[in-house]
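K.L.:
For the sequence shown, UniProt numbering assigns the number 1 to the initial residue and increments by one for each residue that follows. Cβ coordinates follow ideal geometry from the N, Cα and C atoms, glycine included. Submitted below is the structure of interest, expressed as structure tokens.
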Amino acid sequence: MDHTATENAPPHASNKLLLAGSAVGVVFGDIGTSPLYTLKTVILLSGSTPTPEIILGLLSLIIWTLILVTSLKYAAFAMRFDNRGEGGIMALMSLLQHNGKGKGRGMIIFAGLLGAALIYGDGAITPAISVLSALEGLNIVLPEAQHYILPATVVILLGLFAIQPFGTAKIGIVFGPIMILWFLILAGLGIWGITQHPAVLMAINPYYGVHFLLSNGLVSFLVLGGVFLCVTGAEALYADMGHFGKKPIWLAWFGLVFPSLVLNYAGQSALLLSGADISHNIFFRLCPPALQIPLVILATLATIIASQAIITGAFSMTRQTIQLGWLPRLNIKQTAEDNYGQIYIGIVNWLLMFATLFLAVFFKSSDNLAAAYGIAVSLTMLMTSGLLYVAMRRIWHWNRTASALVALLFLTIDACFLVANMIKVLDGGYIPLLLATVICSVMLVWHRGRAATLRSLDDKGMDVETFFRSLRENDIPRGPGAAVFLTRSQSGIPPVMRWHVTRNRALQQKVLALTVIVLNVPRIATRNRLVIRQAAPDYWRAVAYYGFMERPNIPALQNEISHKNCPFDLTDATYYLGHETIVGREDGQGIAHWQRRCYAFMARNCSHATHYYHLPGDQVVEISRRVAV
1 MDHTATENAP PHASNKLLLA GSAVGVVFGD IGTSPLYTLK TVILLSGSTP
51 TPEIILGLLS LIIWTLILVT SLKYAAFAMR FDNRGEGGIM ALMSLLQHNG
101 KGKGRGMIIF AGLLGAALIY GDGAITPAIS VLSALEGLNI VLPEAQHYIL
151 PATVVILLGL FAIQPFGTAK IGIVFGPIMI LWFLILAGLG IWGITQHPAV
201 LMAINPYYGV HFLLSNGLVS FLVLGGVFLC VTGAEALYAD MGHFGKKPIW
251 LAWFGLVFPS LVLNYAGQSA LLLSGADISH NIFFRLCPPA LQIPLVILAT
301 LATIIASQAI ITGAFSMTRQ TIQLGWLPRL NIKQTAEDNY GQIYIGIVNW
351 LLMFATLFLA VFFKSSDNLA AAYGIAVSLT MLMTSGLLYV AMRRIWHWNR
401 TASALVALLF LTIDACFLVA NMIKVLDGGY IPLLLATVIC SVMLVWHRGR
451 AATLRSLDDK GMDVETFFRS LRENDIPRGP GAAVFLTRSQ SGIPPVMRWH
501 VTRNRALQQK VLALTVIVLN VPRIATRNRL VIRQAAPDYW RAVAYYGFME
551 RPNIPALQNE ISHKNCPFDL TDATYYLGHE TIVGREDGQG IAHWQRRCYA
601 FMARNCSHAT HYYHLPGDQV VEISRRVAV
């Protein structure tokens, strides 16, 4: 059966403008706040007082990094590879698995999982560096406030994470207008700066960037780690594509965000060419003194919005990963009934909060925190480039030479940035790498333990004919009522059903064995949701299909069951679940001891299936079973 996702009608032109405005508030917060710290960091890495040649070279590198990485790689290439409208490295991994027929499956999975794990590292650093850099603008206006910047940052971050359980749908309405104002001010300040030294526009010529790289030795290489900060939010264009669509994001990027960023970086560089003091944040030097405090307030709001987008993205990616079977079930709270993307995952929120606060307190300033920033994102981008090569071959069916040439361009750029950022490892860059290693290990252990559990259960299967013959031979009564047995296996009799009969010496009159499968597509069309067949008298076998962006809801399947003309009623059924106690195999051929212990711990503490599948709690019976893996 073709499990196609539900298709949405293309948005009208006016809707595209509205979506583009909303995208400005969600997609571009991270990359939009990078002018607060990028050029400042690059200047510090360049060493002594920069000459005009160096300033033009640095600006040229920033402009062309925005063009090659964000505009070309992500907007022009990556966003054309959508998994039924959804984007992001996990969606791309799923798309390639679906189209690959097993070829290179291990490398595709590794790249996808590592890239996803690294995004969590970025999610911990972004709120800390963004809010710190915004509040550091007070150093110019109120030098005596310097000692209060870190405590104020901690308070803002605590408040940001504390409101997550309540949802952000209502306050999210103002995100778009605030960020549109932010980008307009970025552009306006940049234009004012350019008028001070119009010659700065010569940096559009890539010659200045190439000349800087070739003539400054090790310094030019170190500077690349700082230049990379200008595109740290580029991955969001691809990851949030499913929320807004390609065209609204393209419209927002090329129509507002990209020009505003280029103008602002050029304006900051123009002030440097005019001899401005580089001891303080050059971004706030663009603003007239009387308006600097309002600018600090607006910058703080922009960084809060950027942080909110990162946190929401972490929640969404976690749900995708759970649906695809790479993380245990977690308690997911829908914070807005009319907005699927408005969710809250408690453990993710509090772990991110702990990591973000630790980073802010440990590094104390945005300059120090910049040392830890960039490694996770650059490695994620490298993984994405590798997957794009596979996508060009499998999806677009390009020949090997054309695919390799394009991928080589992206891989070379990403590799240069990665190696430049790796120098930061001992200065704090190990933190996002360590976090990503832990998350990736958790994913792999859970997936391997889950696969071993499935194999163990399948080994003890019983076919339908044998089971019902044994019922007759042993005079097992079929009492009134209906029962639903949830099972991972699509063949034979569910183990939990056999245990129920063994312990209770009875079976309900009408029985449904239900398997829930999450496919490598975001959503499933309603007409393809359920496949059901009668396998024996009063016994039905059903498989419910969901996309990785959907929430399984078993009671809601009653509509599909009725449309299939099946006389089974879920509303009065008793649901039977199996509770697995994980033990080691006696033959010693199971998974490693430490992996089994980790998997067992996660299995004990994951969200209960009753909540995950929206089952009525007073109609659920749980049967314990020991499973050797």
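Is the separation between the beta-carbon of Asn264 and that of Leu181 shorter than 8 Å?
P.N.:
No.
K.L.:
Relative to the alpha-carbon of Gln268, which residue among Pro52, Arg596 and Tyr545 has its alpha-carbon at the smallest distance?
P.N.:
Of the candidates Pro52, Arg596 and Tyr545, Pro52 places its Cα closest to the Cα of Gln268.
K.L.:
Going by DSSP in three states, His579 sits in which element: helix, strand or coil?
P.N.:
His579 carries a strand assignment under DSSP once its states are collapsed to helix, strand and coil.
K.L.:
Helix, strand or coil, according to DSSP, for Ala535 in the structure here?
P.N.:
strand
K.L.:
Quick one: give me the first and last residue of the beta strand (DSSP E) that Arg503 is part of.
P.N.:
Run containing Arg503: none in the beta strand (DSSP E); it sits in the alpha helix (DSSP H), Pro495 to Asn504.
K.L.:
By DSSP, does Thr335 sit in helix, in strand, or in coil?
P.N.:
coil
K.L.:
Please classify Thr384: is it buried, with 16 or more other beta-carbons within 10 angstroms of its beta-carbon, or exposed?
P.N.:
buried
K.L.:
What is the rounded straight-line gap between the Cα of Met602 and the Cα of Val583?
P.N.:
14 Å
K.L.:
Does the stretch 473-481 come within contact of the stretch 447-455, defined as at least 3 CB pairs closer than 8 Å?
P.N.:
no
K.L.:
Express the C-alpha separation of Leu59 and Pro50 in angstroms, rounding to a whole number.
P.N.:
12 Å
K.L.:
According to the Cβ coordinates, are Pro259 and Ala306 closer than 8 Å?
P.N.:
no
K.L.:
Among all the DSSP beta bridges, which residues are the ones paired with Glu53?
P.N.:
Paired residues: none, contrary to the question.
K.L.:
For Ala9, count the other beta carbons within 10 Å of its own beta carbon; 16 or more makes it buried, fewer makes it exposed. Which is it?
P.N.:
Here Ala9 scores only 43 on pLDDT, less than 50, and its place in the model should not be relied on; the value that follows carries that caveat. Ala9 comes out exposed.
K.L.:
Going by C-alpha distance, which of Gly29, Met90, Arg626 and Leu68 is nearest Ile129?
P.N.:
Gly29
K.L.:
Below 8 Å, can you find three or more Cβ-Cβ pairs linking the stretch 71-85 to the stretch 296-311?
P.N.:
no
K.L.:
At 4 residues or longer, what runs of the alpha helix (DSSP H) sit wholly inside the stretch 519-568?
P.N.:
558-563
K.L.:
Kindly indicate which residue of Ala483, Gly245, Gly137 and Thr502 has the alpha-carbon position closest to the one of Phe467.
P.N.:
Of all alpha-carbon atoms in Ala483, Gly245, Gly137 and Thr502, the one lying nearest the alpha-carbon of Phe467 is that of Thr502.
K.L.:
Thinking C-beta only, is Ser133 closer than 8 Å to Leu68?
P.N.:
No. Outside cutoff.
K.L.:
Which of the three DSSP states is assigned to Tyr612 in this structure?
P.N.:
Three-state DSSP puts Tyr612 in a helix.
K.L.:
Express the C-alpha separation of Glu586 and Asn99 in angstroms, rounding to a whole number.
P.N.:
If you take the alpha carbons of Asn99 and Glu586, they lie about 39 Å apart.
K.L.:
Taking the alpha helix (DSSP H) that Pro294 falls in, what are its first and last residues?
P.N.:
Gln292 to Gln323
K.L.:
Gly47 by DSSP, collapsed to three states: which one?
P.N.:
The answer is coil: DSSP assigns Gly47 none of H, G, I, E or B.
K.L.:
Could you tell me which uninterrupted alpha helix (DSSP H) segments, each at least 4 residues in length, are contained entirely in the stretch 364-435, listed from first to last along the chain?
P.N.:
366-369, 375-394 and 400-422
K.L.:
Under a three-way DSSP split, which group does Ile278 fall into?
P.N.:
coil
K.L.:
Starting from the Cα of Leu605, find the closest Cα among Val406, Pro248 and Ile347 and give me that residue.
P.N.:
Note on residue identity: the sequence assigns Asn, not Leu, to residue 605. Cα-wise, what sits closest to Asn605 is Ile347.
K.L.:
Which of the three DSSP states, helix, strand or coil, is assigned to Val627?
P.N.:
strand
K.L.:
According to DSSP, which residues form a beta bridge with Tyr148?
P.N.:
DSSP, once it has assigned bridges, lists no residue as partnering Tyr148.
K.L.:
Can you pull the DSSP bridge partners for Arg478?
P.N.:
Leu507
K.L.:
Taking all protein chains shown into account, decide if Met179 is buried (16 or more other Cβ within 10 angstroms of its Cβ) or exposed.
P.N.:
buried
K.L.:
Could you tell me the alpha carbon to alpha carbon distance between Ile108 and Gln97, rounded to whole angstroms?
P.N.:
The straight-line gap from Cα to Cα measures roughly 7 Å.
K.L.:
Report the start-end ranges of each alpha helix (DSSP H) in the stretch 83-121 that is 4 residues or longer and not cut off at the edges.
P.N.:
89-100
K.L.:
Is the distance from the Cβ of Glu580 to the Cβ of Val521 below 8 Å?
P.N.:
no
K.L.:
Does the Cβ of Val484 have 16 or more other Cβ atoms within 10 Å, making it buried, or fewer, making it exposed?
P.N.:
buried
K.L.:
Near Leu295, what residues of its chain come up, given a Cβ to Cβ distance below 6 Å and the 5 sequence neighbours on each side ignored?
P.N.:
Cys287
K.L.:
Within the same chain, show all residues whose beta-carbon is closer than 8 Å to that of Gly225, passing over the 5 residues directly before and after it, in chain order.
P.N.:
Leu45, Gly374, Phe417, Ala420, Asn421, Ile423 and Lys424
K.L.:
Among Thr41, Leu273 and Ala117, which residue has its Cα nearest to the Cα of Pro432?
P.N.:
Ala117
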